[in-house]
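2 protein chains.
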Amino acid sequence: VLASKGHEVVSWTTNEHLASVLKRTRIQPFLPNQVSQGNIHITTNLAEALSGIDMLVESVTAAGIRPVFEQVKALRVPDCPIVLTSKGIEQSSGSILPEVAVEVLGESIRDQTGALSGPGYAEEVIRGLPTSVVASAYDPKATMQICDTFTTQTFRVYPNTDITGICYGGALKNVIAIACGIADGLSLGWSARAALMTRGLHEIRKLAVANGSKAETLGGLSGMGDLCMTCSSPTSRNFRFGKLIAQGYPLKAALEEIKMVVEGIYTCVAAWELAQKLDVPMPITEAVHEIVYGGMNPYAAVEILMKRPIKEENQ
Amino acid sequence: VLASKGHEVVSWTTNEHLASVLKRTRIQPFLPNQVSQGNIHITTNLAEALSGIDMLVESVTAAGIRPVFEQVKALRVPDCPIVLTSKGIEQSSGSILPEVAVEVLGESIRDQTGALSGPGYAEEVIRGLPTSVVASAYDPKATMQICDTFTTQTFRVYPNTDITGICYGGALKNVIAIACGIADGLSLGWSARAALMTRGLHEIRKLAVANGSKAETLGGLSGMGDLCMTCSSPTSRNFRFGKLIAQGYPLKAALEEIKMVVEGIYTCVAAWELAQKLDVPMPITEAVHEIVYGGMNPYAAVEILMKRPIKEENQ
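Respectively, the protein sequence lines represent chains A and B. Residues in the first sequence are numbered from 14 upward in steps of one, following my numbering. Residues in the second sequence are numbered from 14 upward in steps of one, following my numbering.
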């Protein structure tokens, strides 16, 4: 997106082999049909990548944030907007990812730090299909810088003032996507999936609000939007992982089948720990946790969910 | 559902042929694989159907509510809970359907009148697949009566105090389902669909709130839940209708292809009129209205949507 707008992009990876493939072919192995357009320089040298930048865009994994930003700090603390695009919660601290970046790089970078979240498949974005996402930074000025930098005629970036909310939405939806995949693997039908998505968003919203988010943020592009895409599309990793689990694959075999990182299995642990600490009932997250880590039979989990006492819908 | 719980059910239809088919086969022509179980008596005699009932369940169409309740009134005003299950807005008045029932049968029935809404495919419900829906009546006592009467081990009915909200959610989602069908017909991808669902729910919520609903209701089973199911499943009539329109079918030909009532095309008119009256921006509803009734090219509509100025997400 940025290169297509004429920005000079430097892409850093630690993987020497990947770097040479990218340099030679300009094709990301995970997106075999897309040749990157525009001015993109590939490097494995972080110091080179950080030199003279106007914006730093992070795209590693939730677990990678802390070690990568430690490396960045050792070289220089950037004095430009820092945009996080990974979706997850740090497992050890339960923190949202921009908070981890601030913790590592120091309070001085808070006002320039933000996140991009919401429903957009890389392949569709590159093909120029209409996509709408959301951005939020700790400071509104940085939010608008991120929106203006990324927005194109086919990629709309809505500003939002609730950075905590958009990060929880993007992270926690992956747990519900696993639940929907499990339901699909059990052939429970469309009605069950719609109920899982809705009640899933309900419990996500409760946890996010207990952590300082605004309720309405979770009903937006990061949260509901993400959920709509991840829980319906057979190409979502978390959804596919859930489906494999329901079909009887052990955890390790399911992960080997997917090949890429399934963030939801880490987010699930962090979310379930947070939920217990804050006393927020999260029956769907609990069920996913029990199925993935406790070996609970998925049918038994469905039965437990269906037998819970029914409360007023919004409570 | 009710017959499976042991209730004595009387099913009334004006269609003599359908009544005789149902009596003979116990199979609804639209659900050819399902033989109805339990005590269900079929009749074309409304007086017989109304005699000695403990609950009246309406399942006609939005346009049928007023004439059918006029017939009911001419015979007797029921003194039991009245549950509306149609999803729509009355086109002439813009009213929610329980309001139309109260208008026809009189204020004396308000406290006993309610609605059932949310994501449940008839076929899945009958097969006993897990389903969660929502009920609300003007009086909380009636709400609980509806929940208790309908809830089974596989069909969960959540109570909600906001009858206006659940009715708007169930009705307006059909317009967004048409929009998603159009996007699918144009092969716009998963990201575009997720954005349409999210921004669609955003505008639905604004209209519903302007009419006295609570914002959170629309994020629940009627609203978000309905939307998740209707906009993802190829079996949804409104979604299929939108897809046909995008593929170039004229309005009439698309309706002939679907065969059943496509409530969204009526709701779209009512919603768009209400939106203009109340000055609520509803760009997606407006686009569907223009495509279906104004002959606008769907690609042109997408371009207009993508060129709108970007505002703060929750405004």
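Cβ atoms here follow ideal geometry from the backbone N, Cα and C, with glycine treated the same way. Note that the structure is a prediction, hence the values are computed from the model and not measured.
Where residue i meets chain B, residues with beta-carbon distance less than 9 angstroms
i: residue 330 of chain A; result: No information on residue 330 of chain A is available, as it lies outside the stretch 14 to 328 that chain A covers here.
Residue i vs residue j beta-carbon contact at 8 angstroms
i: residue 179 of chain A; j: residue 230 of chain A; result: yes
i: residue 272 of chain B; j: residue 198 of chain B; result: no
i: residue 275 of chain B; j: residue 201 of chain B; result: no
i: residue 14 of chain A; j: residue 54 of chain A; result: no
i: residue 95 of chain A; j: residue 189 of chain A; result: no
i: residue 165 of chain B; j: residue 109 of chain B; result: no
i: residue 145 of chain B; j: residue 156 of chain B; result: no
i: residue 239 of chain A; j: residue 132 of chain A; result: yes
i: residue 159 of chain B; j: residue 129 of chain B; result: yes
i: residue 104 of chain A; j: residue 267 of chain A; result: no
i: residue 63 of chain B; j: residue 88 of chain B; result: yes
i: residue 279 of chain B; j: residue 76 of chain B; result: yes
i: residue 113 of chain A; j: residue 233 of chain A; result: no
i: residue 174 of chain B; j: residue 153 of chain B; result: yes
i: residue 50 of chain A; j: residue 72 of chain A; result: no
i: residue 225 of chain A; j: residue 254 of chain A; result: no
i: residue 203 of chain B; j: residue 246 of chain A; result: yes
i: residue 37 of chain A; j: residue 48 of chain A; result: no
i: residue 119 of chain B; j: residue 90 of chain B; result: yes
i: residue 21 of chain A; j: residue 46 of chain A; result: no
i: residue 300 of chain B; j: residue 318 of chain B; result: yes
i: residue 93 of chain B; j: residue 69 of chain B; result: yes
Proximal residues to residue i (C-beta, below 8 angstroms), its chain only, five neighbours per side dropped
i: residue 44 of chain B; result: 135, 136, 139
i: residue 57 of chain A; result: 25, 26, 27, 28, 29, 32
i: residue 262 of chain A; result: 270
i: residue 209 of chain A; result: 189, 192, 193, 196, 244, 297
i: residue 258 of chain A; result: 191, 194, 195, 198, 264, 267, 304, 305, 311
i: residue 19 of chain A; result: 51, 52
i: residue 302 of chain A; result: 281, 282, 285
Within chain B, the residues that residue i reaches when beta carbons sit closer than 7 angstroms
i: residue 132 of chain A; result: 204, 207, 208
i: residue 137 of chain A; result: 202, 203, 204
Residues bridged to residue i (per DSSP)
i: residue 169 of chain A; result: A:145
i: residue 71 of chain B; result: B:97
i: residue 48 of chain B; result: B:40
i: residue 126 of chain A; result: A:95
i: residue 22 of chain A; result: A:53
i: residue 258 of chain B; result: According to DSSP, residue 258 of chain B bridges with nothing at all.
i: residue 150 of chain A; result: A:127
i: residue 102 of chain A; result: A:109
Close beta carbons around residue i, own chain, < 7 angstroms, minus the five adjacent residues each side
i: residue 115 of chain A; result: 122, 123, 126
i: residue 117 of chain A; result: 79, 82, 83, 86
i: residue 236 of chain A; result: 182, 186, 214, 217, 230
Residue i: contacting residues in chain A (beta-carbon distance under 9 angstroms)
i: residue 164 of chain B; result: 323
i: residue 180 of chain B; result: The premise fails here: residue 180 of chain B is roughly 14 angstroms from chain A at the closest Cβ pair, so nothing lies under 9 angstroms.
i: residue 160 of chain B; result: 323
Near the ligand FMN: residue i beta-carbon under 7 angstroms from a heavy atom
i: residue 58 of chain A; result: Looking for the ligand FMN in the displayed structure turns up nothing, as the structure carries no ligands at all.
Per-residue contacts from residue i into chain B (C-beta, under 8 angstroms)
i: residue 326 of chain A; result: 147, 171, 172, 173, 230, 233, 234
i: residue 246 of chain A; result: 203
i: residue 214 of chain A; result: 232, 237
i: residue 315 of chain A; result: 143
Chain-ordered neighbours of residue i on chain A, where CB pairs are closer than 8 angstroms
i: residue 142 of chain B; result: 201, 202, 204, 205
i: residue 242 of chain B; result: 203, 204, 206, 207
i: residue 319 of chain B; result: 143, 166, 167, 169
Partners in chain C for residue i, counting only beta-carbon separations shorter than 7 angstroms
i: residue 211 of chain A; result: Any reference to chain C falls outside this structure, whose protein chains are A and B.
Residues of its chain near residue i, where Cβ-Cβ distance is below 6 angstroms and the 5 sequence neighbours each way are ignored
i: residue 242 of chain A; result: 132
i: residue 227 of chain B; result: 175, 178
i: residue 141 of chain B; result: 167
i: residue 250 of chain A; result: 271, 273, 275
i: residue 3 of chain B; result: An answer regarding residue 3 of chain B cannot be provided, because it is not within the stretch 14 to 328 covered by chain B.
(message) Under 8 angstroms, with one C-beta from each stretch per pair, do the region 287 to 294 of chain A and the region 216 to 224 of chain A reach the 3-pair mark?
(response) Between the region 287 to 294 of chain A and the region 216 to 224 of chain A there are three or more inter-stretch CB-CB distances shorter than 8 angstroms, so the stretches are counted as touching.
(request) Take every Cβ of the region 164 to 174 of chain A, pair it with every Cβ of the region 311 to 328 of chain B, and state whether three or more of those distances are shorter than 8 angstroms. (result) As far as the Cβ criterion goes, the region 164 to 174 of chain A touches the region 311 to 328 of chain B, which means the pair count is three or higher.
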